[in-house]
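Its first residue numbered 1315, the sequence shown is counted upward by one per residue in our numbering. Cβ atoms here follow ideal geometry from the backbone N, Cα and C, with glycine treated the same way. Predicted model, so just to flag it, every value in this text is computed and none were measured. Below is one structure; the comments refer to it alone.
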Amino acid sequence: FEQVVATPHIGYVTREEYETQFSDIFDQILAFAAGRPINVVNPDVLAATSARG
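What follows is the structure, encoded as structure tokens:
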């Protein structure tokens, strides 16, 4: 494998993008903790899970 460069999955991200991603993640965590999740992929499942307690 002389012509292979192996990098971690984050090896392509710029510092600016990394900061943006983490800012977005923290916004999502805070919104979820406040009971108002954002960017929910499947809101029906979240609602059903919340209803069960």
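- DSSP, read as helix, strand or coil, puts Ala1320 in coil.
- Under the DSSP assignment, Tyr1326 falls outside any alpha helix (DSSP H); it carries neither an H nor an E label.
- Across the set Val1327, Arg1329, Gly1349, Asn1353, the C-alpha of Asn1353 shows the shortest separation from the C-alpha of Ile1339.
- When secondary structure is reduced to three states using DSSP, Ile1343 falls in the helix class.
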